[in-house]
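The sequence shown begins at 287 in our numbering and counts up one residue at a time. Quick reminder that beta carbons are idealized off the backbone N, C-alpha and C, glycines included. Shown next, in structure tokens, is the structure this report addresses.
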Amino acid sequence: MDAQSDAAIKLKRIGIVGAGNMGSTMGFAFSELGLDVSVWDGKSANIDRFMTQVSQCEGLKGKSTGFYDKAEFAASLGERSNRKVFIISITHSDPADQVLSKLRPELNEGHIIMDGGNEHYRDTERRQKECRNIGMVHNGIEVGMLSALCEAWGFLNTGMGLDCHQIGQVFQQWNNEGELNGTFLVKIAADVCKARKGNAIMATNAKLDSCVGRELQRNYGVLKDIVSRGLAYDHYMPNLSATLEYMKCSGGTMLPTRFMEAQMDYFGAHSYDKPGVLGEDPGPVA
Numbered sequence: 287m288d289a290q291s292d293a294a295i296k297l298k299r300i301g302i303v304g305a306g307n308m309g310s311t312m313g314f315a316f317s318e319l320g321l322d323v324s325v326w327d328g329k330s331a332n333i334d335r336f337m338t339q340v341s342q343c344e345g346l347k348g349k350s351t352g353f354y355d356k357a358e359f360a361a362s363l364g365e366r367s368n369r370k371v372f373i374i375s376i377t378h379s380d381p382a383d384q385v386l387s388k389l390r391p392e393l394n395e396g397h398i399i400m401d402g403g404n405e406h407y408r409d410t411e412r413r414q415k416e417c418r419n420i421g422m423v424h425n426g427i428e429v430g431m432l433s434a435l436c437e438a439w440g441f442l443n444t445g446m447g448l449d450c451h452q453i454g455q456v457f458q459q460w461n462n463e464g465e466l467n468g469t470f471l472v473k474i475a476a477d478v479c480k481a482r483k484g485n486a487i488m489a490t491n492a493k494l495d496s497c498v499g500r501e502l503q504r505n506y507g508v509l510k511d512i513v514s515r516g517l518a519y520d521h522y523m524p525n526l527s528a529t530l531e532y533m534k535c536s537g538g539t540m541l542p543t544r545f546m547e548a549q550m551d552y553f554g555a556h557s558y559d560k561p562g563v564l565g566e567d568p569g570p571v572a
């Protein structure tokens with residue numbers, strides 16, 4: 287099949303593996319665009335919940351169907367020789383390997399798997415080899431947007447001195463109007479800022495050894511001055527600039543990435559760790 291005809295293929299139905307929060311949300315989004323959606327999950331309770339949500343939704347242009355059997359799920363996407371697209375939206379690591387192993391007998395050359403589980407790229411490459419000619423696409427857009435929101439949150443919090451409630455109002459305004467209007471990650475960013483329990487304990491960073499810390503403090507000012515001067519004159523200093531940012535982050539105790547943890551736990555149950563809580567406290571860092 288040549289490139290032109292291949293690009294002209296229009297999918298009428300898409301398959302989603304995983305009926306959790308993220309998988310269900312994607313299914314509704316595709317249905318709103320007019321695509322028919324097939325959803326399969328190893329846990330029947332997730333399929334039951336998904337179909338209940340479908341029955342309560344209005345305005346879906348496409349048909350959404352939940353499947354308890356993987357063979358029926360794969361067959362719903364068309365003949366075995368047809369182009370099929372599967373989106374995996376389940377917990378990364380071992381669960382993803384187990385699901386892919388179960389799904390592999392239903393796959394054929396030309397089928398496409400999109401790994402949507404925030405997986406490490408090495409694991410995706412390993413699965414590519416295991417599936418031989420079957421490629422897996424990892425979408426990194428989400429984490430990039432989360433990182434941008436982290437930096438915005440850090441600037442508003444540390445740079446401008448706004449508290450979480452005030453930052454939440456800013457995110458809410460961004461989500462209501464302007465270029466970021468209706469952006470899901472901005473919406474939950476506002477929600478995260480509003481969620482707070484009493485007597486909160488701030489996470490600490492114990493990575494800095496005393497000897498290393500002294501050297502970092504001794505050289506930090508010099509490196510910062512060099513990078514600042516270089517940037518002022520538009521010199522190319524990617525390595526020194528990255529080193530400066532690494533030093534700032536590695537010695538920081540109030541990193542903006544903690545906001546990303548809260549967002550990811552909000553929409554994907556990534557288990558946001560809280561210090562001092564049995565089973566969640568990661569413990570001291572050597």
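What three-state label does DSSP hand R369 in the structure shown? coil
message = Quick check: the Cα distance between G309 and M540, rounded to an integer number of angstroms?
response = 32 angstroms
F470 - containing alpha helix (DSSP H), residue span
470-480
**OP:** Check S324 in the structure and name its three-state DSSP category.
**Re:** strand
Terminal residues of the alpha helix (DSSP H) in which R412 lies:
407-416
Please list the terminal residues of the continuous beta strand (DSSP E) segment that includes D401.
398-401
#### Entry: With 16 other Cβ atoms within 10 Å as the buried cut-off, status of T444
exposed
Here's a check: name, in chain order, each residue in its chain whose Cβ is nearer than 8 angstroms to the Cβ of D477, leaving out the five neighbours to either side.
G454, Y552
Pick from D409, P381, I376, C417: whose alpha carbon is nearest that of E395?
C417
Next item on the list: Pick out the complete alpha helix (DSSP H) segments inside the segment 426-459, 4 residues or longer, and give them in chain order.
Entry: 427-440
**Request:** Please work out which residues of its chain come closer than 8 angstroms, Cβ to Cβ, to D520, disregarding the five sequence neighbours upstream and downstream, and give them in chain order.
**Result:** none
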